[in-house]
Amino acid sequence: MEHSRGIWTSTADVDLLLRLAGTGFDWLALDAQHGPVDRAVLHAAGRALAGVHAPFLVRVPAVDPAWIGAALDAGAAGVVVPSVTGVADAERAALASRYPPLGERSWGPFPPLWGGKASDPEVANELVRCWVMVETPGALDDVEAIAATPGVDGLFVGPLDLALSLGTSVDALLDDHDPQGPLARVVAAAERQGILVGAFAGSPTAARRLRAHGIGFLAVTTDSALLTAGVRAVLEDDDA
Ligand code: 3PY
Ligand code: MG
Numbered sequence: 001m002e003h004s005r006g007i008w009t010s011t012a013d014v015d016l017l018l019r020l021a022g023t024g025f026d027w028l029a030l031d032a033q034h035g036p037v038d039r040a041v042l043h044a045a046g047r048a049l050a051g052v053h054a055p056f057l058v059r060v061p062a063v064d065p066a067w068i069g070a071a072l073d074a075g076a077a078g079v080v081v082p083s084v085t086g087v088a089d090a091e092r093a094a095l096a097s098r099y100p101p102l103g104e105r106s107w108g109p110f111p112p113l114w115g116g117k118a119s120d121p122e123v124a125n126e127l128v129r130c131w132v133m134v135e136t137p138g139a140l141d142d143v144e145a146i147a148a149t150p151g152v153d154g155l156f157v158g159p160l161d162l163a164l165s166l167g168t169s170v171d172a173l174l175d176d177h178d179p180q181g182p183l184a185r186v187v188a189a190a191e192r193q194g195i196l197v198g199a200f201a202g203s204p205t206a207a208r209r210l211r212a213h214g215i216g217f218l219a220v221t222t223d224s225a226l227l228t229a230g231v232r233a234v235l236e237d238d239d240a
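Everything in the sequence shown is counted per the numbering used here, starting at 1 for the first residue and increasing by one.
Okay, structure coming up:
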């Protein structure tokens, strides 16, 4: 299991993103589904994060080729595509992530706009990572076919929506170690195809429980959880 720790962010503040990118996490995810990240923020974030050691991913708002292209144009190392309902959605996401002949991505990288260099299309196709979220019953039903879809580089579990849509709780989902259980099925499908498997954890506790399923690429915390933890630590430490 490959261990990689990321931070999930829901902010439009690019200076904060830049600071978070230097804190030691392996990667950063910008949430354009539930966070205030619009196309202008994407542009500013791409510019601020260009050349920063930790790569950034963008969780796009939907299975939307235009947004997938824009996130990659901004310099994202990959996209996390939410609300996938089955293999057809996964195919659209994969095609949108790569230039022809592998896919249908359109040419329009942003770095030349700020004096940077665009990647060669072949290099971009080689390096990009298209993560498909497994967070609906349809995606779970099709998980084998999704994992086998050319251009899908990883399965990314959304435990909150997956639990909600399966009519269970996040705790029950994370505690379910049945080999036919949802998380085991996702991990087995990814392993069978030799692709990555990741998840949103949101806390170190949830990260430990996800690692116990063999899921190592994890969003371990969020920007707002870090703020809360920091405030709590200071107030507990200060004995006024
Ligand atoms: C989920 O758990 O559903 C997510 O999308 C995490 O952000
Ligand atoms: Mg979700």
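The beta carbon of each residue, even a glycine, is placed where N, CA and C say it ideally should be. Here the structure is a predicted model, which is why all the values come from computation and not from measurement.
{"query": "Grab the span of the beta strand (DSSP E) containing residue 106 for me, first residue to last.", "result": "Counting along the chain, residue 106 falls outside any beta strand (DSSP E), and DSSP gives it neither H nor E."}
{"query": "Can you tell me which of 109, 226, 225 and 182 puts its alpha carbon nearest to the alpha carbon of residue 210?", "result": "182"}
{"query": "Heavy atom of the ligand MG less than 7 Å from the Cβ of residue 61, yes or no?", "result": "no"}
{"query": "Going by beta carbon distance, what residues of the same chain come within less than 6 Å of residue 50, once the five residues before and after it are set aside?", "result": "75 and 116"}
{"query": "For residue 154 versus residue 102, is the C-beta distance shorter than 8 Å?", "result": "no"}
{"query": "Is any heavy atom of the ligand 3PY found at a distance shorter than 7 Å from the C-beta of residue 161?", "result": "yes"}
{"query": "On the three-pair Cβ rule with 8 Å, is the segment 86 to 95 touching the segment 12 to 29?", "result": "no"}
{"query": "What do you get for residue 97, buried or exposed, if any count of 16 or more other CB atoms within 10 angstroms of its CB means buried?", "result": "buried"}
{"query": "If we require 4 or more residues per run, which alpha helix (DSSP H) segments fall completely within the segment 72 to 143?", "result": "87 to 97, 121 to 127 and 137 to 141"}
{"query": "Would you mind working out which of 141, 149, 146 and 188 sits nearest residue 165, comparing C-alpha positions?", "result": "141"}
{"query": "Nearest-angstrom Cα distance between residue 149 and residue 94?", "result": "8 Å"}
{"query": "By alpha-carbon positions, which one of 227, 16, 55 and 168 ends up nearest to residue 136?", "result": "168"}
{"query": "Using DSSP bridges, identify the partner residues of residue 219.", "result": "6 and 200"}
{"query": "Do you know offhand how far residue 66's Cα is from residue 104's?", "result": "11 Å"}
{"query": "Give me the residue from 81, 203, 240 and 14 with the minimum Cα distance to residue 129.", "result": "81"}
{"query": "With which residues is residue 27 paired in a DSSP beta bridge?", "result": "6"}
{"query": "Out of 106, 133 and 176, state which residue places its alpha-carbon closest to the alpha-carbon of residue 190.", "result": "133"}
{"query": "Please confirm whether any heavy atom of the ligand MG lies closer than 7 Å to the CB of residue 82.", "result": "yes"}
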